[in-house]
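Novice: Going from the sequence shown to my numbering is simple: count from 1 and add 447.
Pasting in a structure now, in structure tokens, and then I'll have a few things to ask.
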Amino acid sequence: MSDPSSEQPEQSPDEVFITAVLFETALAVAALGLGWALGPSARQFIPEWNPDDLQPVIEGVWKGTLAAIPMLIFIELVRRIPWGPIQELEKLSDDQMIGSLVRLRVPELLTISLCAGVGEELLFRGWLMGWIGEGLIGVGVPVDPIWIALALSSLVFGFFHPITKMYIFLAAVMGLYFGGLLIWSENLLIPIFAHAVYDAIQLLMTKRQVERKSKSLQPSS
448 MSDPSSEQPE
458 QSPDEVFITA
468 VLFETALAVA
478 ALGLGWALGP
488 SARQFIPEWN
498 PDDLQPVIEG
508 VWKGTLAAIP
518 MLIFIELVRR
528 IPWGPIQELE
538 KLSDDQMIGS
548 LVRLRVPELL
558 TISLCAGVGE
568 ELLFRGWLMG
578 WIGEGLIGVG
588 VPVDPIWIAL
598 ALSSLVFGFF
608 HPITKMYIFL
618 AAVMGLYFGG
628 LLIWSENLLI
638 PIFAHAVYDA
648 IQLLMTKRQV
658 ERKSKSLQPS
668 S
């Protein structure tokens with residue numbers, strides 16, 4: 448989600464939750480609408496719900512959950528680099544938007560994370576990457592169009608998170624990872640759950656960090 452102005456009045460937890468869910472849901476609706484109007488449909492990468500064969504759905508859930516682990520390790524290693532732009536990421540808990548989110552309850556954070564996984568993956572991987580790839584077919588590019596589509600859609604995904612320049616870069620790297628998962632598996636549930644699980648763990652860790660910081664600043668009796 449884009450970074451709101453710090454001059455905006457602070458929203459209540461209920462307003463933050465509803466706004467976040469509606470925003471991410473709107474991305475999913477936009478992805479499906481763009482797929483219907485322009486093609487291709489993001490739904491082509493989502494396994495059909497078949498009670499007699501749930502294997503593709505189950506695989507999407509557990510493989511996506513496991514796929515979040517490399518990203519969590521990667522970000523943890525990046526955070527240890529003693530470089531100014533990276534150290535600025537540690538101050539994101541002071542950002543108004545992040546601060547508002549971490550005031551929410553755990554079930555609300557999990558719901559927002561799932562909505563973000565569904566909405567953003569439907570739009571950026573399910574639709575945008577495929578749309579760019581189809582547009583490049585027959586153009587005569589020197590490499591497989593899917594790799595160009597992966598790079599461009601990931602760049603757009605990065606700029607969709609304009610919190611800091613480093614955050615944009617890291618989001619673009621994650622976009623490459625999510626897109627690579629889709630190219631490898633052809634199952635959009637895998638990047639959806641990888642995205643959702645990653646977001647959930649990061650939000651919960653940030654919430655815990657903020658709560659610890661708040662307690663440490665309280666005067667002792």
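In this text, a Cβ means the ideal position worked out from N, Cα and C, and glycines have one as well.
Rounded C-beta distance between Phe640 and Val508? I'm assuming under 8 Å.
Specialist: About 6 Å separates the two Cβ atoms, so the contact holds.
Novice: Skipping 5 residues on each side, what residues in its chain have a beta carbon closer than 8 Å to that of Thr512?
Specialist: So the list reads Phe640, Ala641 and Val644, once near-sequence residues are dropped.
Novice: Output the distance between the C-alpha atoms of Gln656 and Val586, rounded to the nearest integer angstrom.
Specialist: If you take the alpha carbons of Gln656 and Val586, they lie about 50 Å apart.
Novice: At which residue ranges does the region 637-662 contain complete beta strand (DSSP E) runs of 3 or more residues, listed in the order of the chain?
Specialist: None, since the region 637-662 contains no complete beta strand (DSSP E) of that length.
Novice: Which word fits Phe571, buried or exposed, when buried means at least 16 other C-beta atoms lie within 10 angstroms of its C-beta?
Specialist: Buried, since its Cβ has 16 or more Cβ neighbours within 10 Å.
Novice: Mapping DSSP to helix, strand and coil, what is Ile584?
Specialist: The answer is coil: DSSP assigns Ile584 none of H, G, I, E or B.
Novice: Measuring straight from C-alpha to C-alpha, what distance separates Phe464 and Leu651?
Specialist: If you take the alpha carbons of Phe464 and Leu651, they lie about 15 Å apart.
Novice: Does the structure place the region 617-634 close enough to the region 593-606 that three or more beta carbon pairs sit under 8 Å?
Specialist: Yes, the region 593-606 is in contact with the region 617-634.
Novice: Is there contact between the region 543-554 and the region 575-586, where contact requires at least three CB pairs shorter than 8 Å?
Specialist: No: the two stretches stay apart, fewer than three of their Cβ pairs being nearer than 8 Å.
Novice: Can you tell me the Cβ-Cβ gap for Leu569 and Leu479, rounded? I've got them flagged as a contact below 8 Å.
Specialist: Rounded, the Cβ-Cβ distance is 7 Å, consistent with contact.
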